[in-house]
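**Q**
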Amino acid sequence: MAKMNLLQAINSALDIAMAKSDKVYSFGEDTGAFGGVFRATSGLTEKYGRHRNFNTPLVEQGILGFANGLASQGSYAIAEIQFGDYIFPAFDQIVNESAKFRYRSGNEFNVGGLTIRTPYGGGIAGGHYHSQSPEAYFAHTPGLKIVIPRNPYMAKGLLLSSIFDPNPVLFMEPKRLYRASTGEVPEEEYTLELGKADIVREGKDLTIVAWGAQVEMAEKAAEKAAEDGIDCEVIDLVSLLPWDIDTVAESVMKTGRLVVTQEAPLTNGFASEVAASIQDKCFLYLESPIARVCGLDTPYPLCHEKEYFVDHLKVYEAIKASMTY
Amino acid sequence: MAKMNLLQAINSALDIAMAKSDKVYSFGEDTGAFGGVFRATSGLTEKYGRHRNFNTPLVEQGILGFANGLASQGSYAIAEIQFGDYIFPAFDQIVNESAKFRYRSGNEFNVGGLTIRTPYGGGIAGGHYHSQSPEAYFAHTPGLKIVIPRNPYMAKGLLLSSIFDPNPVLFMEPKRLYRASTGEVPEEEYTLELGKADIVREGKDLTIVAWGAQVEMAEKAAEKAAEDGIDCEVIDLVSLLPWDIDTVAESVMKTGRLVVTQEAPLTNGFASEVAASIQDKCFLYLESPIARVCGLDTPYPLCHEKEYFVDHLKVYEAIKASMTY
Amino acid sequence: MATDKKHQLEIVTEPQFLDGSALQIPMLQILKEDGTVHKGAKLPDIDKELALKMFDTMQFIRILDERMIAAQRQGRISFYLSSLGEEAASIGSAAALDDGDMIMGQYREQGALAYRGFTVEQFMDQLFSNERDLGKGRQMPVHYGCAALNFMTIASPLATQIPQATGYAYGQKMDKDGKCTICYFGEGAASEGDFHAALNMASVYKVPVIFFCRNNGYAISTPSQGEQYGGDGIAPRGVAYGMKTIRVDGNDIFAVYQATQLARKLAVEDNEPVLIEGMSYRMAGHSTSDDPTGYRTRDEEASWRAKDPLSRFQAYLIKKKWLTEKDAEENFAEKKAAVLAALKEAEKIPAPHIDELIKDVYDTPTPQLRAQLEQLKAHIRKYPEAYPKTASRIDGGDK
Amino acid sequence: MATDKKHQLEIVTEPQFLDGSALQIPMLQILKEDGTVHKGAKLPDIDKELALKMFDTMQFIRILDERMIAAQRQGRISFYLSSLGEEAASIGSAAALDDGDMIMGQYREQGALAYRGFTVEQFMDQLFSNERDLGKGRQMPVHYGCAALNFMTIASPLATQIPQATGYAYGQKMDKDGKCTICYFGEGAASEGDFHAALNMASVYKVPVIFFCRNNGYAISTPSQGEQYGGDGIAPRGVAYGMKTIRVDGNDIFAVYQATQLARKLAVEDNEPVLIEGMSYRMAGHSTSDDPTGYRTRDEEASWRAKDPLSRFQAYLIKKKWLTEKDAEENFAEKKAAVLAALKEAEKIPAPHIDELIKDVYDTPTPQLRAQLEQLKAHIRKYPEAYPKTASRIDGGDK
Ligand SMILES: Cc1ncc(C[n+]2csc(CCOP(=O)(O)OP(=O)(O)O)c2C)c(N)n1
Ligand SMILES: Cc1ncc(C[n+]2csc(CCOP(=O)(O)OP(=O)(O)O)c2C)c(N)n1
Ligand SMILES: [Mg+2]
Ligand SMILES: [Mg+2]
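Residue numbers (my numbering), protein chains in the order written: chain G, 273 to 597; chain L, 273 to 597; chain Z, 85 to 483; chain X, 85 to 483.
(1) Whether or not the region 564 to 575 of chain G and the region 367 to 383 of chain L are in contact is what I'm after, with contact meaning three or more pairs of Cβ atoms, one per stretch, closer than 8 Å; do they touch?
(2) Can you check whether the C-beta of L509 of chain L is within less than 9 Å of a C-beta belonging to chain G?
(3) Determine the extent of the beta strand (DSSP E) in which K428 of chain L is found, giving its start and end residues.
(4) What are the residues of the region 210 to 231 of chain Z that lie near chain G, defined by any Cβ-Cβ distance shorter than 9 Å?
(5) Taking the C-alpha atoms as reference points, what is the distance between A172 of chain Z and V423 of chain Z?
(6) Can you pull out the residues from the region 146 to 167 of chain X whose beta carbon lies closer than 9 Å to at least one beta carbon of chain G?
(7) Under 9 Å between C-beta atoms, does T87 of chain Z make it to chain L?
(8) I147 of chain Z and E579 of chain L - do their beta-carbons sit closer together than 9 Å?
(9) Does the beta carbon of T306 of chain Z sit closer than 9 Å to a beta carbon anywhere in chain B?
(10) Kindly indicate if chain Z contains any beta-carbon less than 9 Å away from that of D103 of chain X.
(11) How would you label K328 of chain Z, buried or exposed, when you count the other beta carbons within 10 angstroms and need 16 or more for buried?
(12) So Y297 of chain G is in the beta strand (DSSP E); what residue range does that whole segment cover?
(13) Heavy atom of ligand 1 less than 8 Å from the Cβ of S308 of chain Z, yes or no?
(14) Looking at G270 of chain X and ligand 4, is the gap between the Cβ and the nearest heavy atom below 8 Å?
(15) Check whether the region 517 to 535 of chain L and the region 512 to 531 of chain G touch, using three or more Cβ-Cβ pairs below 8 Å as the test.
(16) Would DSSP call K468 of chain L helix, strand or coil?
(17) By the criterion of Cβ-Cβ separation under 8 Å, what are the contact partners of E608 of chain L in chain X?
(18) Determine, using beta carbons only, whether N540 of chain L comes closer than 9 Å to chain G.
(19) Where do the ends of the beta strand (DSSP E) carrying T479 of chain G lie?
(20) From this set, L:I550, L:D364, L:A493 and L:R311, which residue's C-alpha is nearest D374 of chain Z's C-alpha?
(21) Compile a chain-ordered list of the residues in the region 313 to 328 of chain Z whose CB is closer than 8 Å to at least one CB of chain L.
(22) Determine which residues of the region 352 to 376 of chain Z have a Cβ less than 8 Å from any Cβ of chain L, and write them out in chain order.
(23) Between X:K466, X:T408 and X:K461, which has its C-alpha nearest G480 of chain X's C-alpha?
(24) Put M290 of chain L into one of helix, strand or coil per three-state DSSP.
(25) When DSSP builds the beta bridges, which residues end up paired with K496 of chain L?
(26) Using alpha carbons as the reference points, say which of G:Y597, G:W483 and G:C575 lies closest to C566 of chain G.
(27) Report the residue ranges of all alpha helix (DSSP H) runs contained in full by the region 219 to 281 of chain Z; include only those spanning at least 4 residues, in chain order.
(28) Assign K90 of chain Z to buried or exposed, taking buried as 16 or more other Cβ atoms, counted over all protein chains shown, within 10 Å of its Cβ.
(29) What are the boundary residues of the alpha helix (DSSP H) that Q194 of chain Z is part of?
(30) What residues from the region 333 to 344 of chain G come within 9 Å of chain X, judged by C-beta to C-beta, listed N to C?
(31) Considering only DSSP beta bridges, list what F295 of chain X is partnered with.
(32) Excluding the 5 residues preceding and the 5 following I420 of chain G in the sequence, name in chain order all residues of the same chain whose CB lies nearer than 6 Å to its CB.
(33) From the DSSP output, which residues share a beta bridge with M525 of chain G?
(34) Should S518 of chain X be counted as a contact of ligand 2 given a C-beta to heavy atom distance under 8 Å?
(35) Between V367 of chain L and the rest of its own chain, which residues show a CB-CB distance below 8 Å, the 5 nearest in sequence each way excluded?
(36) Compare the C-beta of Y597 of chain G with all C-beta atoms of chain L and state if any pair is closer than 9 Å.
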């Protein structure tokens, strides 16, 4: 075990994957010898050469097009998109290509070796275009997996699983936690199951569902609620596609109440999917409406970031409202 | 009044808009003198010249980039994307640019003159890439309006409103109905309010929410349910962004039951947003879980289209299940 | 280094604007329109057997295309898209490749696929979306694909396969397997952003890829010159990317073959990406959904009929005495009969079982998908008459 | 017509592959690195007043950039991005335009904006996201915009403004207002698909647009030559699109001015889109978040310091006797004082009111947005200490 931050955990996963198979490639804007603007890929060129870890020209649609082709050839392609905000030029390659590659060919071809890494989320004074949480844009796409770790331990195990999973995976990294989140992480290889939610705190009064950087807010809010004698269960969804509806449903059948929190704007976010599914599965168990605590329906603002951000206080208020409904 | 099909109604709206202002331009792949692959723009080049209605090179991101620029200059830019399935290369220009143009500039600049027209939906033996209903991909985007007509009368009035609305509008045309749906349409100019849902059938037992081509399925299902003595209210959402939550909530408070239907795959579709919002607003009124009747979570298949398609029978079954919950 | 290059720049002190005229790219032609060889032209190294295989494939594709356009008109298939007039481009280039090279097509490269050995039955199974279709009936007609023949499944979104070809070739280069990738696309698709990404990246990474642009004058109704691009076609872009580039007469199977053979050598031996622009003409409508009389003249079409690649090649072969008129006719009749027979057989084969609907979304169906399928099957059992294609076999699946 | 062009193609019978060497584009330079004029070079038509305005702007931007890098280090602003070493490119080109021409920048064109008359206070208001910022504090520092000065608001997504410039210019052409659009972007951004779309469409539509590529050798850490592109930079692409094209020394303000002036004439009088590639060097880090020692040498940086556009122009002006060393120094000190004063003032101005949060999403806030704002305000009232920037003024809004 070693103490690692989230970036180091990701770097360690990449290192292990590249050592494990010659067919693993890592690339993106500035990800070569320089190691990426966040340094997630640092040291990889030195260790594995400039043909295994390299810079791309500045073109996200090309990065994903190239990655799809490389994966279809039987390689493991790990493509970094520098910021989640810049993934949209690659939207067609991901949604129309990666996700449908196997299905449309009747399994003659697939891009299972593809993993897309991208930092996402706010709280870093990044304004409109360095703060977005675009996961919901992808969650409407059968064929894709979406995975979001909440801490270094999860990041390493999930990234290793994602890289070698036989399906294309969008792996979103909460950049606010890159250096802020540290913890004990095994130095050797290990994997964590995709598609499985994680109960990070048990409780009996109310369920909070979160993912990525919001798990911290959920936990903090749960602590604060505990002071009021409210016993919250906190579930980290971990995978958004496919997502572990059973774990959430079981929890809600126990607690009777659900708060879902996400950084992204409210409308048509993934919290809406969770709420829609759970009201269906747990209709007779619900004691109050499922609450969504989300960003406002505006672009991500710079100067009002603190106000816009979904912090633990907002989650806490939603808990109280739900308890007193 | 004249009898028009949906295509003719759209053509009539374009014609009126172009006659009304010199600053209205219409363009897209094959939309010039040829009139577009569905012929929605036919006759416009003849009437307004090849600089007002014209072909673009084959590049959707360019069409939207060009359209954003033209709209920011103070023109009305009507961009056609040949099929909704091919809108994804333009995703960045729509989601990161059109939608955020006004906000990010503090209202120094805007692309309010932009309207994006695109045919969408299945039922035409089009397989993966000529059948998608991508509305939900856009519905997570503050700053954009999304409008979908269900018949010729709505199409003309809504398109005219969209073109002159001071916000960018994504106008999605149910292509299955292009020639199939006909009706009386005024020949002169008229507009219909954006953001307002339309109660197309009143009822007291159960509410069905649909949009675009699915309204027909909802109505047929309601008729079939009426034979069983079930009295359904059918609401056409008309606008998905912003959407008329109040009209839906009022209806559900009356009926106590809600079925939402969409052609697109279930997960994170717009039906999820409707369900999530309404369970919140109408919690104490609901007598059964809100049902979503949607496409399966697969790419749109060719040979099993009939099975995949959300027809009135599936909606009818959901109604019965809800009534007997 | 970023700076080295700049030091080498030639300096001028008077402003001079270049334009398209600074780079006009000629077109390689070996066979003239009448099938005779240009004086002084060196023929590619093609023996009788190879020449006849190429000819056979051209003839087969011509028959298949004409027959299936008719089948569509008869309502037997929903859609078809022919390569009439462009057979030399795909077949001449495919013939110059190794069978292990990957082919990524747009949708008008049935010739390359037939050359690789896709059988008439396999074509028909795809066209009829029956349960034998390798693609499991999921895509529209002409979206062929076959892993065994290294022919990537066609998909409708244009140009997406071009950067994919760069990526595929990168893998081949790293595997050092001596193989390359050829990627076909239309001059219309070359307007897409993906084209730019693909060629620029290939030039940076130096991968064994051949970009073959079929410039057939139209993208559906949009004429290439002046409405698709303002310059001298697609080839100059290759030069701008610093890439080996050649333009050929796409209706001259020898020019196509020769350029592709040399391109393959550059790609495989030197890891040089190559751009080939083949000039041709789309003789039929864009697809069976299209009527070209809305945007071009019969005269224009006629002028191109004179350049027909099939009759041009046939004239050469007959002159060369590798073929007689009679052989050609007999072969034609034979192939036509085979096409008809296969068509009749394929249209009787049932559609894939409903259980196939949820397969291949992921490597294994998720629990959610299984539940959705079960729900659908229960629904079909309730209303069998509404879903006649699958209802009768619903409980005979393989689950 | 699609076919006309093909008839004109020159036919060759021997295969010959072209590559980047077929089109090497020279670089226009008028002022040598030491500020003397190339023998025989014709100076652009610039009088003393204009020359000093250009120089003044360069000096101002140099001071602003250096000062704000320091302010970021002191933690007074969160982020800054300088144009150190590239002042001639944006200022020389902006000076050759009409004030009514639209400017669309990437984010390193503060020089063009200052030339248009954006005041030091306006710069500071944006950098401090205060309530006077025209952009209402919504975007990161350096994302300036000003409708009154025809300077489109900067946005971070790269290259998106390039096809927008084509569209904007289309509107100008149709309005026949005699104006054009200039669009700046880096050589890195030129790899994006939007670049390809933009230039191809401009060439097809013949619109009055000037594409100005600032080739400064790097995109963050990625060197241009060999890692961003494989060919001879960006200019040859203009030729490939059939567009008027010129390459200039981006550190020579006279070369930039002259090329832009001629380009504007082509654009406005002939509706000819033009591509200008200005060769320069990004002297500082990409932004204050970047440390270039990780990817380039101090020697390389030093070699470019010798080509500095500001000292080059200053040397010329002094030789020409339009400026003395002393004037230059005094002006420098004066501007520096003004920058410091404006900085101190701007940082004291409060942030925009919380009510601004939901404005401009649409032309008027939707009921949903109003409800969301009310809910947020109620929350802030409950926890004022958690939101200190807005809590105290929360009920003094303009609603
Ligand atoms: C991304 C995308 N946009 C639009 C279409 C619709 N479409 C299908 S084929 C075609 C024209 C293609 O022209 P070209 O590339 O020249 O190929 P050709 O048909 O001439 O062989 C268009 C616009 C598509 N399939 N994909
Ligand atoms: C679409 C997009 N991708 C990535 C980025 C992140 N990014 C910001 S600047 C930059 C480098 C730009 O280089 P260049 O265009 O050469 O301009 P320069 O900074 O050298 O002036 C990158 C990769 C972005 N802003 N937008
Ligand atoms: Mg074509
Ligand atoms: Mg640069």
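Backbone N, C-alpha and C define an ideal beta-carbon position, used for all residues, glycine too. What you are looking at is a predicted structure, and each value in this text was computed from that prediction instead of being measured.
**A** A quick look at the data gives this:
(1) yes
(2) no
(3) Where K428 of chain L is concerned, there is no enclosing beta strand (DSSP E), although the alpha helix (DSSP H) it sits in stretches over P424 to F436.
(4) D217, L218, G219, K220, G221, R222, Q223, H227, G229, C230 and A231
(5) Distance between the alpha carbons of A172 of chain Z and V423 of chain Z is about 20 Å.
(6) S162 and F163
(7) At T87 of chain Z the pLDDT is 41, less than 50, meaning the model places this residue with poor confidence; the figure from the coordinates comes in the next sentence. It does not; no Cβ of chain L falls within 9 Å.
(8) No, the pair does not count as a contact, with Cβ atoms beyond the cut-off.
(9) Of the chains in the structure shown, none is chain B; the protein chains are G, L, Z and X.
(10) yes
(11) buried
(12) Start and end: V296 to G300.
(13) yes
(14) yes
(15) no
(16) coil
(17) Because chain L is modelled from 273 through 597, residue 608 of chain L falls outside the range shown and cannot be assessed.
(18) yes
(19) L478 to A482
(20) L:R311
(21) Y313
(22) S373 and D374
(23) X:K461
(24) helix
(25) Residue pairing from DSSP leaves K496 of chain L without any beta-bridge partner.
(26) G:W483
(27) 245 to 259
(28) Only weak support is given to the placement of K90 of chain Z: the predicted model assigns it a pLDDT of 45, under 50, and the value that follows is read from those uncertain coordinates. So K90 of chain Z ends up on the buried side.
(29) It spans Q194 to R200 - the alpha helix (DSSP H) in which Q194 of chain Z sits, taken as one unbroken run.
(30) Q333 and G334
(31) X:C267 and X:L359
(32) M444, W483 and G484
(33) Answer is none; M525 of chain G lacks a bridge partner.
(34) There is simply no residue 518 of chain X to check, as chain X begins at 85 and stops at 483 in what is shown.
(35) F410, T413 and L416
(36) It does: the Cβ of Y597 of chain G has a partner Cβ on chain L nearer than 9 Å.
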